[in-house]
Amino acid sequence: MCRHKVQLQTWMLKVNDMGLQRDTDRQIFEAATDFYQGQISATMDVCHHARTNEVRLILTLFANFNDGQRIGSSLRPLHYDLVLLPIISGSSPRLCGHVFIDLEPTTSTNVVTFHGVDITLLDVSVEPVLGVRNETTTNFSDDRFLQLEDLCFSGLYVSVSRVFQRIQDDPERQQSNIILKQSLKKGKRYRIGLLYMANVRDESKGFYRINYKTNDDSCCHEGWFGGTQMQVTEARKVLPCLDEPGFKSTFDIIVGHNKAMSALANMPEMATVPMVNTRDWMWTSFSRTPLMPTYLLAMFVTDYQHLEQVYQVGDRTVKLRYWGRPEQLPHFKHIMEVTPKMLHYMETYVNQPFSLPKLDFITAPIDLHFEAMENWGLILFRDDKLYHNEETDSEDDRFYRTQIMAHELAHQFFGNLVTCDWWSDIWFNEGFSSFLEVDIINHAMPNETFRPEAAQLKGIRNAMKFEEKHVKPLTVVRQVETADEADRMFDAISYSKGNGLLLMLRNFVGQETFQIAVATYMERFQFQSVNSQRFMEILDEELHQDREFGRTMNVTKIMNSWTGQPSYPIVRCSKTGDGRIRLSQEPFPMSYNYSSHGKDTRLWWIPLAMTDAKRPDFSHGGTYPRIWLTPDRPTLEIPYFPPLSRHQAAEDAENSWIFINGQSSSYIRVLYDKSNWRLLSNQLMINHTVIPKVSRAQLIDDAFTLAVAGLLEYETVLDLIEYLTLVNDEFVRSTSQFHLQWMKERSRHNESLYQLFGEYTRRFKYEKMDKGESDEYHNLIRLDAFDQLDGIDCHNWSDGVCVDQVLRLFRAQMTGTITPGEKRAMFENLERNWCVVIRHAGKEEWEWAWRATLRDLSSTQRIKILSAMTCTPHRGQLKQLLARVFSPTIDQNPHETFKTIEKMAENPVARSMVLNFIKNNWESLERHFKRSGDTLKLLASAAKHLSNAEDLDEMFQLIFELQNKDNKLDHSVTEGILDGIRSNIRWAEKNLDEVYSVLAARVITRRTDKPFTSPYVNTI
Ligand SMILES: [Zn+2]
4 MCRHKVQLQT WMLKVNDMGL QRDTDRQIFE AATDFYQGQI SATMDVCHHA RTNEVRLILT
64 LFANFNDGQR IGSSLRPLHY DLVLLPIISG SSPRLCGHVF IDLEPTTSTN VVTFHGVDIT
124 LLDVSVEPVL GVRNETTTNF SDDRFLQLED LCFSGLYVSV SRVFQRIQDD PERQQSNIIL
184 KQSLKKGKRY RIGLLYMANV RDESKGFYRI NYKTNDDSCC HEGWFGGTQM QVTEARKVLP
244 CLDEPGFKST FDIIVGHNKA MSALANMPEM ATVPMVNTRD WMWTSFSRTP LMPTYLLAMF
304 VTDYQHLEQV YQVGDRTVKL RYWGRPEQLP HFKHIMEVTP KMLHYMETYV NQPFSLPKLD
364 FITAPIDLHF EAMENWGLIL FRDDKLYHNE ETDSEDDRFY RTQIMAHELA HQFFGNLVTC
424 DWWSDIWFNE GFSSFLEVDI INHAMPNETF RPEAAQLKGI RNAMKFEEKH VKPLTVVRQV
484 ETADEADRMF DAISYSKGNG LLLMLRNFVG QETFQIAVAT YMERFQFQSV NSQRFMEILD
544 EELHQDREFG RTMNVTKIMN SWTGQPSYPI VRCSKTGDGR IRLSQEPFPM SYNYSSHGKD
604 TRLWWIPLAM TDAKRPDFSH GGTYPRIWLT PDRPTLEIPY FPPLSRHQAA EDAENSWIFI
664 NGQSSSYIRV LYDKSNWRLL SNQLMINHTV IPKVSRAQLI DDAFTLAVAG LLEYETVLDL
724 IEYLTLVNDE FVRSTSQFHL QWMKERSRHN ESLYQLFGEY TRRFKYEKMD KGESDEYHNL
784 IRLDAFDQLD GIDCHNWSDG VCVDQVLRLF RAQMTGTITP GEKRAMFENL ERNWCVVIRH
844 AGKEEWEWAW RATLRDLSST QRIKILSAMT CTPHRGQLKQ LLARVFSPTI DQNPHETFKT
904 IEKMAENPVA RSMVLNFIKN NWESLERHFK RSGDTLKLLA SAAKHLSNAE DLDEMFQLIF
964 ELQNKDNKLD HSVTEGILDG IRSNIRWAEK NLDEVYSVLA ARVITRRTDK PFTSPYVNTI
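Here the sequence shown stands for residues 4 to 1023, where the numbers follow my numbering.
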């Protein structure tokens, strides 16, 4: 987007003997920068007045108005009074609305600009605001309501006033400009009235409707569900508004609906009255919202039922209501148990009460393209993310649903109470809500000892992977102009890198200081929209008061090095041989090339937590940084802990491992020297539990990733995971298997190596150990459920599942002879268990599974079964799964399609079929997904394992053809696909020989030698 500059003002500043008049200078900048939200630049000129012999500085400020979709700041919205009448059933759905927007011009103007997409303006009125209307004095029989009834039910309207010259629509910017006959004066307040029509949509953007059917044993019910999705920039599809998060207003909302349905909005209902002229239709009004941005508005019209509970703290109560279809209500038990506890935790943590008198939770009866939306006071969930079926859902499902609720409750404060002033800063909302999930769940479900932490680590590591493979450098805070750019901000970087950066920040400022800053931030900026820098400034205020830290460091500066630069650093750690440790930082080598612009000079402020074999400490204390690498001091040598004597220090350094970044305390990867890797491998072989599970998994993930980047030998990596042949370490094994599978897929063209991978991974230990970390296992490993059944002696493992046993249970399920305990065991890891069954069983089992997918299941259940079915080695069955997408008799939802096909591409037998399917059905898939970009994302996912020149040629050709057909194809994704295949080819050329020899050495050792026995194993 090009930008243009508008000169704002020029000041002449006299430079006296004391230098520039600093205060004036600073005040001007601060005022202007606040006003234009950072969109400011300046030039300075010095001139010398010969006559007076004075030196003057000429400071000129420019506002960088852009040609994007931001509205200028000449109008400030104060209040909206919205009446909305959605007709959601039948063949001509429509949305009629009337809104009064109270505005305050910041400069005199006769142009009113607002956002609007597919909004047809029918009438405009302007009047001065004499006072704020009392929210309880609505007269439902006045002209405004009669006019809307006429408009929506009869198509009639009469223009009441004509106060404008013309309306200029600007579809590119999603804006309209009303050119008024008279100017609005700066400092006065005006009420603009807009009568309009808009669309009721079929996709969940703006105001949408869903026709749903439910089947129970006796009969069926068909219903309509209507509602809004305003984030990211969809409010402009529902009402004309100033649709930016920096604008906060109050809202009075009235919704028209059939009397058989209920209307819900952000605030509690005030009154429901019949319409004057339309039988069976009602108006429901809602009390006034606090100051809030348009993207958090929500309205729903539904025939759902609800369960209710009261959340009470002292005299204050908040009504909590859980809305769903009748058959869902019994399954709200779990979420109703944890939600009040989690809300209480959040209120205590931020030291602020929840701002609204009620909080509703509602499910949409389809798979939305997101899990949930944090609308203030009215949180929306994907169909089956609110209820939990104790009989058929797993513990992982329960945790995941709790995690989503925790995230949305965190948003009620981070995002809703204090809002980011622009989309470029959205990481702070999303990162904070993701970051707090762990603490919130730990509070509400104290028995969940490991899942929250594991989920956080997985998220952070996924963000690193996203950054490693992304072809374009993406910073956390980045330029956003258009609606598409705003939409793209909701990525792994905002959510999970944001999460990782806040974890790092809390580790280095300390838990207590961090929480004080959170409370101060909430207190100071509640009901406002601000930049995340304000939070860093509060931390600086705190730290500068009484800590050593504050004198030398600056949180704002430290965090800017992470949010303003893409990717992350690798920290090298090596021993110098004389009792010292050398530490240095360098950027992770990315596929895009910084060096084309000269040397890659990115440097970070890196807090480093360190521990060692002598005093292993991975606790919270152990994650406090012992040392910093900074841009000024990127390389450092430190003594090996407080040495008693030089001789002893050297000896310690030689024999004891060092562990940096315990519990993933900083957003980095660590590359050790050879001897330290060896010491760590030995430790894992002797007793892996000395290093906690998160740190073990992180160590292994670092090692594999550094090997892919060419910085570490595979010999070293496989040494590190050799201990998995001795103990069942499920979490670390699954981390390792993810990487081994990645390598295996790139070895497909080398038959003997491909086979070798199978032999290698079969050496891993799957049987549960009965001592050691068994308590942690109980929360994680689904194999446990089987262990309760019988003492198994299994010789045929597949994906950690005993094949004979799972086949027996599946057949018992088919014949109805399965016991409740066995059924529970099967459901606990349904996808993995059924995958093994489908891979090893015959036609009969397949057909039974197919019939199961046609039953009235939750989407989560159906996706699990369909994903399991993609494990089949039979091409005919795979074809059947693909054909199902467009079957006229099966109503497969887009989310199920995406997940199933994505999973199918992991099956080597299916991969080329999947690619052909996407290629041959491109347009139909685009229509099926309803969301542009999803087909391309699916292609990217299916292409991620391609690794030879032929694949590259074919993909190049396909992308070329697609680009000719569709010029809106996202280039960063197509480039990413091609770049991914190229780097797969490079990796295979460079590494396959080495990988073959290290794998072979281990497999052959096993064949001929007695296996190594761990001393740890001997002790139990
Ligand atoms: Zn969120």
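We put the CB at the ideal spot given by N, CA and C, even for glycine.
Just mark residue i as buried or exposed, buried being the case when its beta carbon has 16 or more other beta carbons within 10 Å.
i	result
D37	For D37, the predicted model reports a pLDDT of 41, less than 50, meaning its position is unreliable and no value from the coordinates is stated.
S436	buried
P572	buried
H752	exposed
D387	buried
G775	Bear in mind that the predicted position of G775 carries a pLDDT of just 42, short of 50, making it unreliable; the figure below should be weighed with that in mind. Flag for G775 reads buried.
S927	exposed
V998	buried
E152	buried
P333	exposed
T822	exposed
Q514	exposed
Excluding the five sequence neighbours on either side, which residues of its own chain have a C-beta within less than 6 Å of the C-beta of residue i, listed in chain order?
i	result
R324	H309, E311, D363
A712	P592
F621	G665, Q666, P695, S698
F431	C423, S535
E225	K216
G979	V474
T275	M285, T287
R194	F103, D105, E130, V132
E440	Q406, A409, H410
A301	T231, N269, N378, L381
Tell me whether residue i counts as near ligand 1, meaning its Cβ is closer than 7 Å to at least one heavy atom of that ligand.
i	result
H410	yes
G436	Reading the sequence as shown, one finds Ser at residue 436 and not Gly. S436: yes, Cβ under 7 Å from ligand 1.
H414	yes
E237	no
E433	yes
E377	yes
Please return the same chain residues whose Cβ sits closer than 7 Å to the Cβ of residue i, not counting the five positions on each side in sequence.
i	result
R204	F210, Y211
L972	L939, L965, Q966
R887	I893, Q895
A1003	L759
T112	S77, S186, L187
Could you spell out where the alpha helix (DSSP H) holding residue i opens and where it closes?
i	result
F250	No alpha helix (DSSP H) contains F250, which DSSP labels as neither H nor E.
Q308	Unbroken run through Q308 is the beta strand (DSSP E), 308-316; no alpha helix (DSSP H).
F901	897-907
P455	454-472
C155	Note, C155: premise wrong, no alpha helix (DSSP H); not H, not E.
D490	486-491
H843	833-843
G503	501-512
Tell me which same chain residues have a C-beta within less than 8 Å of the C-beta of residue i, skipping the five on either side of it?
i	result
I988	S950, N951, A952, L955
L3	Outside the shown range of the chain (4 to 1023) lies residue 3, about which nothing can therefore be said.
By the DSSP assignment, the beta strand (DSSP E) with residue i in it spans what residues?
i	result
P184	Correcting the residue type first, residue 184 is Lys in the shown sequence and not Pro. 178-187 is the span of the beta strand (DSSP E), which, as asked, contains K184.
E589	583-590
F303	302-305
(message) Pairs of beta-carbons, one from the region 350-365 and one from the region 378-396, closer than 8 Å: are there three or more?
(response) yes
(message) Within 8 Å, do at least three Cβ pairs link the region 602-615 to the region 540-550?
(response) no
(request) Would you check if the region 387-397 and the region 454-462 touch, i.e. whether three or more CB-CB distances between them fall below 8 Å? (result) no
(message) I'd like to know if the region 276-292 and the region 228-242 are in contact, where contact means that at least 3 CB-CB pairs between them fall below 8 Å.
(response) no
(request) State whether the region 172-192 contacts the region 824-832, with contact taken as three or more CB pairs (one from each stretch) at a distance under 8 Å. (result) no
(message) Any contact between the region 93-100 and the region 164-184? By contact I mean 3 or more CB pairs, one from each, below 8 Å.
(response) no
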